[in-house]
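Visitor:
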Amino acid sequence: MDRILITGALGQLGVEFIKYFKKYNLFVLATDVRNPKKKLNCTFENADVLDKNRIDSLVKKYDINIIYHLVAILSANGEKNPFNSWKLNMDSFQNIAEIAVENRIKKVFWPSSIAVFGTESKLELVTQNPLMNPSTIYGITKLAGEKLIDYYFKRFGLDIRSLRFPGIISTETQPGGGTTDYIIEMLNAAKKENDYCCFLSENTELPMMFIDDAIESAIKLMSVNRADLSISGSYNVTGFSITPNQLISEIQSNGFKTSVNFKPDFRQQIADSWPKKIDDSVSRNDWGWKPKFRLKESIEIALK
Ligand code: AKB
């Protein structure tokens, strides 16, 4: 029986993973440095993943055999304090890897990101293995993590599985400090009939994915035989691509009024170094990935 530890459990992905696992009555230990604002439907421990001894003792105490390690400082926040971002993103990754090896954890899920790509990655349609020159410290930590996944698998047989997530559209928990966050901010502004000032220019195209697809993709990847996986780093996945202007049209066609003005800031440069579209055919071929939620449907649900 799987006994799952989720780190960074109160973030955008964590709360949705908890909901998913609880549907199947699995044991979940959620950890975070924050305390939950409302009661969680699972065991919770306040714990800092940088404190290796504490996480190690929780893994032993709760007899954990699967880890979803979701802690990260995202792209835009990362640029505000790159040293701190490297420390949190990499030291937490290393702690989890060591704990996983020492406690014979069956499998680890760790999200990578489209931030691993860069201006040399042929951004119109980014394939699985292009040249990668990430422009942010966040992207650099994700690329370093991808290399470590491969190394730890060959060196210790540690089974870490990973997806390069695009922007995630969630309705319950907000993202924090990312470059793709504009999409949720604009949707929320439309729902509240507020004006919105967009930090990316109107035609900036970026790949996105609806939260249910993000969760499904991770669960599916975690469930297949390792032998079927041709990639030992991280897989491309995507739902659809969208620009702020297309989002405005979608919001309006759902009957909402929007008043959006554009004031691109430092995040524009980050977005300009990221893919416009993602080729996820290797995921489709290796483990049967197929998104369920397309652009129109995702925006419609997010506006409810
Ligand atoms: C970000 O914008 O930093 C994240 C990501 C694409 O990894 N949402």
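Each residue of the sequence shown is one higher than the one before, starting from 1 at the first, in our numbering.
Yeah, the Cβ is synthetic: ideal placement off N, Cα and C, and Gly gets one too.
Taking 7 Å as the cut-off, does the CB of residue 138 come closer than this to any heavy atom belonging to the ligand AKB?
Guide: Yes, since a heavy atom of the ligand AKB falls inside the 7 Å radius drawn around the Cβ of residue 138.
Visitor: Can you list, in chain order, the residues of its chain with a C-beta nearer than 6 Å to that of residue 298? Leave out the 5 residues immediately preceding and following it.
Guide: Excluding sequence neighbours, residue 298 sits near 169 and 210.
Visitor: Whose CA, out of 221, 173 and 258, lies closest to the CA of residue 12?
Guide: For the residues 221, 173 and 258, the minimum Cα distance to residue 12 belongs to 173.
Visitor: Got a sec: does the ligand AKB put a non-hydrogen atom nearer than 7 Å to the Cβ of residue 280?
Guide: Checking every heavy atom of the ligand AKB against the Cβ of residue 280, none is found closer than 7 Å.
Visitor: Inspect the CB distances between the segment 279-288 and the segment 218-232 and report whether three or more fall short of 8 Å.
Guide: Yes, they touch.
Visitor: Cα-Cα, which of 202, 48 and 27 is closest to residue 40?
Guide: For residue 40, the nearest C-alpha among the options comes from 27.
Visitor: Roughly how many angstroms separate the alpha carbons of residue 112 and residue 192, rounded to a whole number?
Guide: So the two alpha carbons sit approximately 32 Å from each other.
Visitor: Whole angstroms is fine: what's the gap from residue 62's alpha carbon to residue 29's?
Guide: Approximately 8 Å between the Cα atoms of the pair.
Visitor: For residue 213, verify whether its CB is less than 7 Å away from any heavy atom of the ligand AKB.
Guide: It does not: the Cβ of residue 213 is nowhere closer than 7 Å to a heavy atom of the ligand AKB.
Visitor: Which residues bound the beta strand (DSSP E) around residue 108?
Guide: Here the beta strand (DSSP E) through residue 108 covers 107-109.
Visitor: Kindly indicate if chain B contains any beta-carbon less than 8 Å away from that of residue 238.
Guide: No chain B is part of this structure, which consists of one protein chain only.
Visitor: With residue 179 and residue 72 assumed to form a contact (beta carbons below 8 Å), what rounded beta-carbon distance in angstroms separates them?
Guide: About 13 Å separates the two Cβ atoms, so there is no contact after all.
Visitor: Specify, as a first and last residue, the run of the alpha helix (DSSP H) that residue 294 falls within.
Guide: Premise fails: residue 294 is in no alpha helix (DSSP H) and is neither H nor E.
Visitor: Would a C-beta distance cut-off of 8 Å place residue 316 and residue 19 closer than the cut-off?
Guide: Shown here, the chain extends from 1 to 304; a query on residue 316 therefore has no answer.
Visitor: If we count Cβ pairs, one from each stretch, closer than 8 Å, do we get three or more for the segment 195-208 versus the segment 258-275?
Guide: Touching, yes, given that three or more Cβ pairs across the two stretches are closer than 8 Å.
Visitor: Buried or exposed: residue 31, going by 16 or more other Cβ atoms within 10 Å of its Cβ?
Guide: Result: buried.
Visitor: Give me whichever residues DSSP pairs with residue 113 in a beta bridge.
Guide: Residue 113 pairs with 165.
Visitor: From the DSSP secondary-structure annotation, give me the bridge partner or partners of residue 137.
Guide: Bridge partners of residue 137: none, in fact.
Visitor: Quick one: which unbroken alpha helix (DSSP H) runs of 4-plus residues sit fully inside the segment 237-292? Chain order, please.
Guide: Complete alpha helix (DSSP H) runs here, min 4: 244-253, 266-272 and 281-287.
Visitor: Starting from the N-terminal side, write out each stretch of the alpha helix (DSSP H) that is 4 residues or longer and does not extend beyond the segment 201-235.
Guide: Segments of the alpha helix (DSSP H) lying fully in the segment 201-235: 211-223.
Visitor: Which whole-angstrom value is the C-beta distance of residue 190 and residue 303, which I expect to be below 8 Å?
Guide: Yes, residue 190 and residue 303 are in contact; Cβ-Cβ is about 7 Å, under 8 Å.
Visitor: Please confirm whether any heavy atom of the ligand AKB lies closer than 7 Å to the CB of residue 74.
Guide: Correct: residue 74 has its Cβ closer than 7 Å to the ligand AKB.
Visitor: Let me confirm a value: residue 43 is counted as buried when at least 16 other C-beta atoms fall within 10 Å, else exposed. Which label applies?
Guide: Exposed, because fewer than 16 other Cβ atoms sit within 10 Å of the Cβ of residue 43.
Visitor: Judging by CA-CA distance, which residue of 115, 55 and 241 is the nearest neighbour of residue 98?
Guide: Ranking 115, 55 and 241 by Cα distance to residue 98 puts 55 first.
Visitor: Report the option in 225, 164, 273 and 36 whose CA atom is closest to the CA atom of residue 237.
Guide: For the residues 225, 164, 273 and 36, the minimum Cα distance to residue 237 belongs to 164.
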